[in-house]
Each structure stands twice: as C-alpha cells, then as structure tokens.
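What follows is one structure encoded as structure tokens, with my remarks underneath.
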Amino acid sequence: EDQVTQSPEALRLQEGESSSLNCSYTVSGLRGLFWYRQDPGKGPEFLFTLYSAGEEKEKERLKATLTKKESFLHITAPKPEDSATYLCAVQETGTASKLTFGTGTRLQVTL
Amino acid sequence: DGGITQSPKYLFRKEGQNVTLSCEQNLNHDAMYWYRQDPGQGLRLIYYSQIVNDFQKGDIAEGYSVSREKKESFPLTVTSAQKNPTAFYLCASTMGPGDTQYFGPGTRLTVL
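Chains A and B, in that order, give the protein sequences. Residue numbers for the first sequence follow this note's numbering, so the first one is 79 and each next one is one higher. Residue numbers for the second sequence follow this note's numbering, so the first one is -13 and each next one is one higher.
Shown next, in the form of structure tokens:
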C-alpha cells in the first residue's frame, strides 16, 4: 500500500529564516509526486510536479527536489504570506490518476 | 476564466437526510474526483470518473454516490448511510493519468 509521510507536522519560522519540508513515500513505481499549498478553508493550489529522481523545480521562494525515497520543499527567505499548509501527494504507475496524500505540514511565518 | 466551481460553500444537513454537492469544471478535463478532508488526515478519495457515464469507487465510497452524465459535471450525493459525513469535500479534475489534478474551492458539510 502506498504511504506518504510528511514532516514536520508544523513549522514556525521567522521571516527570512530558510528551511525545508520533507515528504517521504513508499510506492512500487512512482508516476509523479505533487506539491500543493492549502490556505485555511480553501482548496489545494498546485505548486509542482516531479517525475524522476534528481528533478528540481522552482517558483519564487520555493524549490522542490526529488530522490527515490523522498522529496523536499525548500523555502528560501520566507515571508508571512507563505504561511499555509503544504501537501505532498504521490501517484503510482498503473493507477488511474489516483493520488495518495500526506497529512501536510502547517507552516507559519512570523515577522 | 477556466476553473472548477463547487457549490454550496457551506451546507448544513440534518441526520437522515441526503444532500448533493455540486462540482462543475470548464477546463475540458476528462477525469474528475471527489475527496474528503478531515482534520489531521490526508485527503481521501471517495469516487472518481475517467470518462462520461463511468465512475469507480475510491478508498471510502460507502455512504456516497455519484453520477457523470456530462463531461463538465460530477455531483456527489452524501446519503443517510454515511455515518460521519461532517467534513470538507473537495472536487478535482485532470486531463488524464500523470497530469496535475486541479482542485475546486471545497464545500464544508456539517451534520446537525
């Protein structure tokens, strides 16, 4: 059975204090790993898709990387508006687009 | 503007009532999904449909039903058989396997 574990559960950073969120996964074959951002009471907003080990993608202060067992979401010099829950999801090969989600990391960035 | 709409945003239901949540997309996506989100848990798949007039059960389909009569629409009915329906419900769509799933704004259902 696919498993996705995100750590830490919650993270509090000061503005400008860089850090990383972790997503470890267990699947028989990875079709894709997805990162989303979710604000309270809203639907998840797509950030990145990673397909193969070694792949990296960047968007503003966020950078996602992928290895064969885990993915990291690096946040460089975060701002208060980066505060949100960050969700990781994996899609296994041979499945009909089914995503397995982790429980998320709640990020709070303070001034 | 292309996107996914869900209605209503908030829904209150008395025990024993069936309710239907709406999901519409104008992205021309073939596949649509329903997820349930509870505090402290990851999103869990209820039902999905890869093509019109066809759908499959997800991990937690008991007490729910769906239909897919049009490509743009994938309504979810929460029946009285669902023992713990209070949750945040999210609809998503995608062009196909391996492509990104895009989410709607969600419906928060509360059973009184």
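For every residue, glycine included, the Cβ atom is placed at its ideal position computed from N, Cα and C.
Here DSSP, grouped into helix, strand and coil, assigns Asp45 of chain B to coil.
Beyond the five residues adjoining it in sequence on each side, Gln169 of chain A comes within less than 6 Å, by CB distance, of Arg109, Gly110, Leu177 in the same chain, given in chain order. Lys157 of chain A and Lys57 of chain B have their C-alpha atoms some 40 Å from each other. When only Cα atoms are considered, Leu189 of chain A and Gly94 of chain A end up about 9 Å apart. Residues of the stretch 103 to 126 of chain A that bring their beta carbon within less than 8 Å of a beta carbon in chain B comprise Arg109, Gly110, Phe112, Tyr114, Gly119, Lys120, Gly121, Pro122, Glu123, Phe124, in sequence order. Between the alpha carbons of Lys135 of chain A and Tyr164 of chain A lies a gap of roughly 16 Å. If you draw a 10 Å sphere on the C-beta of Ile37 of chain B, you find fewer than 16 other C-beta atoms in it, and that means exposed. The continuous beta strand (DSSP E) containing Tyr103 of chain A extends over residues 97 to 104. Under a 10 Å Cβ-count criterion, Ala17 of chain B is classified as buried, with 16 or more other Cβ atoms of the shown protein chains found around its own Cβ.
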